[in-house]
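Protein sequences appear in the order of chains F and S.
Letter 123 of the first sequence, counting from 1, is numbered 123 in the working numbering, and no numbers are missing.
Letter 226 of the second sequence, counting from 1, is numbered 226 in the working numbering, and no numbers are missing.
Ideal Cβ placement from N, Cα and C applies to all residues, glycine included.
There are 2 protein chains.
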Amino acid sequence: MSSTSTPGLESYRRAAIIGGGVIGVSWAALFLARGLDVVISDPRPDIEDLVRTGLDGIAPTLAELGLPTDGLADGLSFEADLATAVAGVDVVQENGPERLDLKQRIWRTVEQAAPAHALLTTSTSSIPATAIAEGMAQPERLIVGHPFNPPHLVPLVEVVPGERTSPEVVEQARAFYTALGKQPQVLRKEIPGFVANRLQAALFRECVHLVSQGVVTEQELDEVVTASIGLRWAVAGPFRTFHLGGGPGGLPQFIEHLGRGMEAGLWPALGSPSFDDTTVALLTEEAREAFGEGEDDIDRLAAARDRAQIALMRALGETPQAA
Amino acid sequence: MSSTSTPGLESYRRAAIIGGGVIGVSWAALFLARGLDVVISDPRPDIEDLVRTGLDGIAPTLAELGLPTDGLADGLSFEADLATAVAGVDVVQENGPERLDLKQRIWRTVEQAAPAHALLTTSTSSIPATAIAEGMAQPERLIVGHPFNPPHLVPLVEVVPGERTSPEVVEQARAFYTALGKQPQVLRKEIPGFVANRLQAALFRECVHLVSQGVVTEQELDEVVTASIGLRWAVAGPFRTFHLGGGPGGLPQFIEHLGRGMEAGLWPALGSPSFDDTTVALLTEEAREAFGEGEDDIDRLAAARDRAQIALMRALGETPQAA
Chain F
1 MSSTSTPGLE SYRRAAIIGG GVIGVSWAAL FLARGLDVVI SDPRPDIEDL VRTGLDGIAP
61 TLAELGLPTD GLADGLSFEA DLATAVAGVD VVQENGPERL DLKQRIWRTV EQAAPAHALL
121 TTSTSSIPAT AIAEGMAQPE RLIVGHPFNP PHLVPLVEVV PGERTSPEVV EQARAFYTAL
181 GKQPQVLRKE IPGFVANRLQ AALFRECVHL VSQGVVTEQE LDEVVTASIG LRWAVAGPFR
241 TFHLGGGPGG LPQFIEHLGR GMEAGLWPAL GSPSFDDTTV ALLTEEAREA FGEGEDDIDR
301 LAAARDRAQI ALMRALGETP QAA
Chain S
1 MSSTSTPGLE SYRRAAIIGG GVIGVSWAAL FLARGLDVVI SDPRPDIEDL VRTGLDGIAP
61 TLAELGLPTD GLADGLSFEA DLATAVAGVD VVQENGPERL DLKQRIWRTV EQAAPAHALL
121 TTSTSSIPAT AIAEGMAQPE RLIVGHPFNP PHLVPLVEVV PGERTSPEVV EQARAFYTAL
181 GKQPQVLRKE IPGFVANRLQ AALFRECVHL VSQGVVTEQE LDEVVTASIG LRWAVAGPFR
241 TFHLGGGPGG LPQFIEHLGR GMEAGLWPAL GSPSFDDTTV ALLTEEAREA FGEGEDDIDR
301 LAAARDRAQI ALMRALGETP QAA
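Right under this line is the structure:
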């Protein structure tokens, strides 16, 4: 597994994954399946067990995706010392805690110890590259590569340059994630939460409102979504959907006929719930009823979801090509 | 096509479709394919041409769904007079203009002229059954059956009883739409916009914000959605997604670790755009760039979307069973 011929990845032989949590392990699994050697840098004493157990859990999904999994962990190693870990790598994907001070410290070390050609990316979901790079000597090298969980399965990677990130690094990041089989989307501006999590937050706020108002249960709301907007948005995003639903005049006609009604009637009526004790108790109780409560239930439901996800990606012709 | 053996539809021989617009034609196509005779009641002089052209456009999609389309229009007839149209039918699906006074007038006529056993449903997306039924002698008979456009393709039908709708009618409506191959969801309370359109409005508001702020273009935003949350929500709704993404503690753990951050950080930061001239001009321009501007483009894109939709439903095992 240590040599690869995946187009676009010829110059990537070795990757450092900083932080071996859920996101880090998922990236590691994908990098390994794509033929890169991977060194994990994480100070936890039990990190090797955690990562190997995580890889075992992910391997069947990689196989379903058509990626090679024999000897998946052959190229895997561990190095707690950050500077040692990133020496000699071609790409660094950092998945540390979402704390600015920690990330700034990590990246000051990494930029000094990593080779000058290495692509430097952070998985952060909430901290702009501009802020993280403030303490760096070469802030133009750092870029956000924010995956949608789990990175080995969901196609999207939000590529978010900081104010000082160089255009070359933007293109390098886009090409790297594309070669990995992902669908990178470069954002034009930094904004808190980036795009996907903001959209998710907007929809989820109304979900919490509708359940807390007793209009539907969690399970019923989920079924509404999978039977309508989810199914739609898997094949056509919101703008395309409304463009095609607006009649012969497309989106402008939609805005005139329905969008203005939405602005006047629905937007002001949307809920503003909060996670107070009553709401959390209700959400917890309904989650128990809908999904069970054991860790086994979660593993089983997650596996079923991932199988359905892959069937859907296959139907849409979106499974990644095997190396 | 005038006799049917579709399980659950044995007692439905004849349907009245009131209003032959886009929604009415789509319902008519589905009812006909399921073996019902359909009478369209619409005062427009050119209604017959409109409906027949519409049916021709829908037939290939029905065939893709595995439904019979030979002689699809054999059971189709037209009757502008409302009372005459609904005499002798087993179900009425009303798709008139979204105006309370018009709907009240329609339903006062229909309840007097339709047989006592007929199921009485309105496709309204915005007017509660309670309000429409105010002028009816038997308000317990009326129920909302709100489809997600287009009804012949998207599974969801929101079944929304009014305050006085009888439990028997709720069950009758649920069984009817299920037998048609749809996925009805009965709401527990009337609320403006029901569930799917409220969720859609919540997400779309943030879409308009992000595009108007220049974070992404319409096309880029659509690609973010199809590559992440759309793909996810086609197989697992928002609550299930967060339950499975929350770690071993499920949704309660998600709320503690990420939900509270969402409430504190993202919910207050979501945008409040409006369809002012600048925004509409930008949305129009970007729609033109992304989707073209002719009606032909829309037909072509809609057909491609519907094919993808069906491929996806097949992958999920959700295409309706043929009669």
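#### Entry: Partner residues on chain S for N149 of chain F, Cβ-Cβ distance less than 9 Å
G245
### Message
Determine, for E263 of chain F, whether the minimum Cβ-Cβ distance to residues of chain S falls below 8 Å.
### Response
Answer yes: the Cβ-Cβ gap between E263 of chain F and chain S drops below 8 Å somewhere.
### Task
Anything in chain S within Cβ reach of D222 of chain F, meaning under 9 Å, just list it in chain order.
W233, A236, G237, P238, F239, R240, T241
### Message
Taking the alpha carbon of G88 of chain S as the reference point, which residue from S:D81, S:R105, S:A116, S:R288 has its own alpha carbon closest?
### Response
Nearest to G88 of chain S by C-alpha distance, out of S:D81, S:R105, S:A116, S:R288, is S:A116.
### Query
Is any heavy atom in the ligand PLP found nearer than 7 Å to the beta carbon of T84 of chain F?
With respect to the ligand PLP, the structure offers nothing, as it holds no ligand at all.
### Task
Identify the contact partners of R188 of chain F in chain S, using a Cβ-Cβ distance below 7 Å as the criterion.
G214, V215, V216
### Query
Applying a beta-carbon distance threshold of less than 8 Å, which residues of chain A neighbour E295 of chain S?
Absent from the structure: chain A. Protein chains present are F and S.
### Query
Which class does F239 of chain S belong to by DSSP, given the choice of helix, strand or coil?
helix
### Task
Kindly indicate which three-state DSSP category I191 of chain F falls into: helix, strand or coil?
Three-state DSSP puts I191 of chain F in coil, outside helix and strand.
### Rounded straight-line distance, which links the Cα of N197 of chain S to that of L258 of chain F
Straight-line spacing of the CA atoms in L258 of chain F and N197 of chain S works out to 11 Å.
### Query
Is the beta carbon of S125 of chain S sitting closer than 8 Å to the one on E98 of chain S?
A contact, by the Cβ cut-off of 8 Å.
#### Entry: Inter-residue spacing [alpha-carbon to alpha-carbon] between P7 of chain F and R34 of chain F
Spanning the two alpha carbons is a distance of roughly 10 Å.
### Query
Does the pairing of the stretch 237-249 of chain F with the stretch 215-232 of chain S give three or more beta-carbon distances under 8 Å?
yes
### Query
Are the stretch 216-227 of chain S and the stretch 272-283 of chain F in contact at 8 Å, needing three or more beta carbon pairs?
The stretch 216-227 of chain S is not in contact with the stretch 272-283 of chain F.
### Query
Can you tell me the Cα-Cα spacing of I332 of chain S and I18 of chain S, whole angstroms?
Given a span of 1 to 323 for chain S in the structure shown, any question on residue 332 of chain S remains unanswerable.
#### Entry: Continuous alpha helix (DSSP H) assignments of at least 4 residues falling wholly in the stretch 293-322 of chain F
295-315
### Message
So for D90 of chain F, helix, strand or coil by DSSP?
### Response
coil
#### Entry: A118 of chain F burial status per 10 Å Cβ neighbour count (16 or more: buried)
Counting the other CB atoms within 10 Å of its CB gives A118 of chain F a total of 16 or more, which places it among the buried residues.
### Task
Taking 8 Å as the cut-off, decide whether the C-beta atoms of Q104 of chain F and E64 of chain F are in contact.
no
#### Entry: Cβ pair count under 8 Å reaching 3, the stretch 26-33 of chain F against the stretch 144-153 of chain F
yes
### Boundaries of the alpha helix (DSSP H) in which E285 of chain F is found, first to last residue
277-291
### Message
With the cut-off set at 8 Å, would you say E190 of chain F and G162 of chain F are in Cβ contact?
### Response
The answer is yes: Cβ separation under 8 Å.
### Query
Relative to the C-alpha of E168 of chain F, which residue among F:I143, F:P192, F:K182, F:V39 is closest?
F:I143
### Task
Run the CB neighbour count on E295 of chain F, radius 10 Å, all protein chains shown included, and call it buried at 16 or more, exposed below.
Sixteen is the threshold: since fewer than 16 other Cβ atoms of the shown chains lie within 10 Å of the Cβ of E295 of chain F, the residue is exposed.
### Query
Which one of F:R314, F:E286, F:G245 has the shortest CA to CA distance from D330 of chain S?
Outside the shown range of chain S, which is 1 to 323, sits residue 330 of chain S, and nothing can be said about it.
#### Entry: Sequence-distant residues of its chain with Cβ nearer than 7 Å to A287 of chain F (five each side left out)
Shown here for A287 of chain F: same chain residues with a beta carbon closer than 7 Å to its own, the five before and five after excluded, namely E218 in chain order.
### Message
To the nearest angstrom, how far is the alpha carbon of F254 of chain S from that of E263 of chain F?
### Response
31 Å
### Task
Return the residues of the stretch 35-66 of chain F that lie within a Cβ-Cβ distance of less than 9 Å from chain S, sorted by chain order.
none
### Message
In whole angstroms, give me the CA-to-CA distance for L312 of chain S and P184 of chain S.
### Response
A straight line joining the alpha-carbon of L312 of chain S with that of P184 of chain S spans about 19 Å.
### Query
To which residues of the same chain is Q270 of chain F closer than 8 Å at the C-beta, ignoring the five residues directly before and after it?
This sequence places Leu at residue 270 of chain F; Gln is not what is there. For L270 of chain F, where only same-chain residues beyond five positions count, the Cβ hits under 8 Å are R205, E206, H209.
### Task
Pull up the CB-CB distance for L266 of chain S and A201 of chain F, whole angstroms please, since I reckon it's below 8 Å.
4 Å
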